[in-house]
Amino acid sequence: MNKVLLIIQREYVTRVRKKAFIVMIFAVPALILGMSALIGFIAKNNQELSNDLTVKVIDDSKAFEGKFRNAKHIKFEASKQSLNDAKGGLQENEDLSILVIPTDYAKNQVQILSKKKPTYQLTEEVEKQLNAIASAKSLVDHHIDTAFLNALNKNRISVNAMEVTATGTKEANLGATMGVGIACAILIYLSLFIYGAQVMRGVIEEKTSRIIEVIISSVKPFQLMLGKIIGVGLVGLTQFGAWILLSVISSKIAGHAFSGPGSPIAGAVAVLSTIPFGYILGCFIFYFLTGYLLYSALFAAVGSAVDSETETQQFMFPITLPLLFTYILSVSVLFQAPDSPLAVWLSMIPFTAPVAMMVRIPFGGVPDWQLALSMSLMVVGFLFTTYVAARIYRVGVLMYGKKASFKELAKWFFYKE
1 MNKVLLIIQR EYVTRVRKKA FIVMIFAVPA LILGMSALIG FIAKNNQELS
51 NDLTVKVIDD SKAFEGKFRN AKHIKFEASK QSLNDAKGGL QENEDLSILV
101 IPTDYAKNQV QILSKKKPTY QLTEEVEKQL NAIASAKSLV DHHIDTAFLN
151 ALNKNRISVN AMEVTATGTK EANLGATMGV GIACAILIYL SLFIYGAQVM
201 RGVIEEKTSR IIEVIISSVK PFQLMLGKII GVGLVGLTQF GAWILLSVIS
251 SKIAGHAFSG PGSPIAGAVA VLSTIPFGYI LGCFIFYFLT GYLLYSALFA
301 AVGSAVDSET ETQQFMFPIT LPLLFTYILS VSVLFQAPDS PLAVWLSMIP
351 FTAPVAMMVR IPFGGVPDWQ LALSMSLMVV GFLFTTYVAA RIYRVGVLMY
401 GKKASFKELA KWFFYKE
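First residue of the sequence shown? That's 1 in full-length UniProt numbering, and the numbers climb one at a time after it.
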């Protein structure tokens with residue numbers, strides 16, 4: 001046990017003393033804050049960053065004449081030119097587009113032409129106005145009072161999502177909850193890759209430099225692997241702890257600096273205060289640790305089986321595929337239905353649970369038995385993968401010059417002590 005502790009201490013101290021580690025502790029929160037401020041600035045000043053577009057309307061149907069309304073950065077102009085004459089102006093002006101409306105626009109496609117690909121903003125605005133004008137014309141043709149319908153549309157009903165708790169009702173804040181869930185999925189996905197890869201690189205460096213032969217003479221391969229995994233994991237927890245602390249301090253400072261009724265910062269803080277960050281943080285630490293132990297053991301086995309980092313690709317893809325698959329589903333599907341059968345099953349399988357469960361937890365609908373079962377399976381999962389990886393690792397670290405394959409790894413697993 002003392003040897004394992006010494007290896008953990010060496011791995012931890014060596015990494016936290018590096019300048020890159022200290023720089024990253026302060027750089028990551030600063031970059032996140034800077035990026036958030038930049039996104040806010042761009043969103044606020046978006047109108048200054050967009051070019052003004054001109055759309056010449058060639059309306060063969062005569063149904064849309066004079067009915068288009070200028071929108072932000074988009075100006076509509078009726079044109080009496082033929083299509084061939086109008087096309088000549090496209091080569092001279094990149095901000096010019098031609099909207100061609102055929103006589104039978106209901107059956108033939110309306111086209112928008114420009115020198116470069118039209119922007120999404122332009123096509124969406126044109127389509128919206130076309131449909132609105134066509135609908136209004138149809139209503140008038142059927143002698144329906146459009147003014148009355150427009151008045152009805154102004155009386156829109158809004159829905160306020162509320163959550164019923166033991167202490168009463170509170171706002172669900174679905175937007176903030178979805179944001180936290182997706183952020184947790186992204187963060188745990190990246191952290192498992194980053195710190196797992198650090199373990200793999202450390203094994204490869206020691207193996208290629210032949211230092212591993214000296215170390216193995218003093219400690220067992222399993223002790224070396226375990227010490228390396230735990231040491232790098234503690235480095236990850238240290239970084240997370242520092243980032244969380246700095247983020248809390250910076251948010252408090254920003255909250256005091258920009259506090260006041262109606263301020264965006266005050267509103268954001270009020271919304272985020274409804275989310276149980278303590279509970280989410282505790283679950284995040286657990287799934288990070290167990291997911292890291294599970295994947296880093298496999299990364300260590302891969303590192304022991306190769307002589308250089310370029311040879312790791314054939315083993316890395318099958319290992320990381322479940323994690324990548326769940327990450328893609330999390331940011332596209334799972335956050336929309338966190339209690340669906342797919343989300344539940346993915347949050348139970350140890351290889352996919354760290355990402356899938358961290359999407360579900362912020363929504364607060366995970367039953368206690370599901371969380372307990374998922375955590376139990378995570379513990380069993382990392383114990384099993386550590387056992388498998390250790391049997392491969394004990395042989396692989398002393399193998400040189402032989403290109404490993406999955407068949408070869410299976411042989412190493414069954415080698416007797």
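Cβ atoms here follow ideal geometry from the backbone N, Cα and C, with glycine treated the same way. Note that the coordinates shown come from a computational prediction; the quantities given were computed from them, not determined experimentally.
Span of the beta strand (DSSP E) around T326: Careful: T326 lies outside any beta strand (DSSP E), inside the alpha helix (DSSP H) at 313-332.
Exposed unless 16 or more other CB atoms sit within 10 angstroms - verdict on Q109: exposed
Which residues DSSP lists as bridging Q111, in chain order: V100.
For L289, three-class secondary structure by DSSP: helix
Contained alpha helix (DSSP H) runs [length at least 4] in the region 197-240, N- to C-terminal order: 211-216
Supposed contact pair Y287 and M357 - C-beta distance, whole angstroms, cut 8 Å: 6 Å
Presumed contact (8 Å Cβ cut-off) between L298 and T385, rounded CB distance: Between L298 and T385 the beta-carbon gap is near 6 Å, inside 8 Å, which marks them as a contact.
Candidates A78, V331, F193, A63, of which the one nearest A106 by Cα: Of the candidates A78, V331, F193, A63, the residue whose Cα lies closest to the Cα of A106 is A63.
Exposure of S332, with buried meaning 16 or more beta-carbon neighbours within 10 Å: exposed
Collapsed DSSP secondary structure at E77 in the structure displayed: strand
Rounded straight-line distance, which links the Cα of F240 to that of Y189: Rounded to whole angstroms, the separation of the alpha carbons of F240 and Y189 is 14 Å.
Alpha helix (DSSP H) segment containing T123, residue limits: 120-141
Distance between I328 and L122 (C-alpha atoms, nearest Å): Here the alpha carbons of I328 and L122 stand approximately 29 Å from one another.
Cβ separation of V199 and I229, assumed to be a contact under 8 Å, to the nearest whole Å: Between the beta-carbon of V199 and that of I229 there is about 6 Å, and that keeps the pair under the 8 Å contact cut.
For Y120 and L130, the rounded distance between their alpha carbons: 15 Å
Three-state secondary structure assigned by DSSP to I349: coil
Cα-Cα separation, V302 to L5: 23 Å
Residue(s) in a DSSP beta bridge with K56: E77, I98
Residue from L53, A242, L334 with nearest C-alpha to A343: Considering only alpha carbons, the answer is L334.
Per-residue DSSP class, three states only, for A390: helix
Proximity test, I215 beta-carbon vs the ligand HEM heavy atom, cut-off 7 Å: In terms of ligand content, the structure shown is empty, and the ligand HEM therefore cannot be addressed.
Extent of the continuous alpha helix (DSSP H) run through T14: 2-16
In DSSP terms, what A404 is bridged to: A404 is not bridged to any residue.
Neighbourhood of Y393 by C-beta, 7 Å cutoff - its chain only, sequence neighbours within 5 removed: P221, M225, A300, A301, S304
Three-state class that DSSP yields for A106 in the structure shown: Coil at A106, not helix or strand.
Buried/exposed call for R15, threshold 16 Cβ in 10 Å: It counts as buried.
Beta-carbon spacing of P350, L294 below 8 Å: yes
Neighbourhood of L83 by C-beta, 8 Å cutoff - its chain only, sequence neighbours within 5 removed: I58, I98, V100
Under 8 Å between C-beta atoms of T177 and D307: Contact: no.
Counted within 10 angstroms of its Cβ, other Cβ atoms place R360 as buried (16 or more) or exposed: buried
Below-8 Å beta-carbon distance, G233 vs any chain D residue: Here there is only one protein chain, and chain D is not present.
Cross-strand partners of A71 (DSSP beta bridge): DSSP, once it has assigned bridges, lists I74 as partnering A71.
Range of the contiguous alpha helix (DSSP H) that encloses N84: 83-88
Exposed unless 16 or more other CB atoms sit within 10 angstroms - verdict on P354: buried
Buried/exposed call for R17, threshold 16 Cβ in 10 Å: exposed
When P276, G179, M316, L187 are compared against R201, the one with the closest alpha-carbon: Residue M316 is the option with its Cα nearest to R201.
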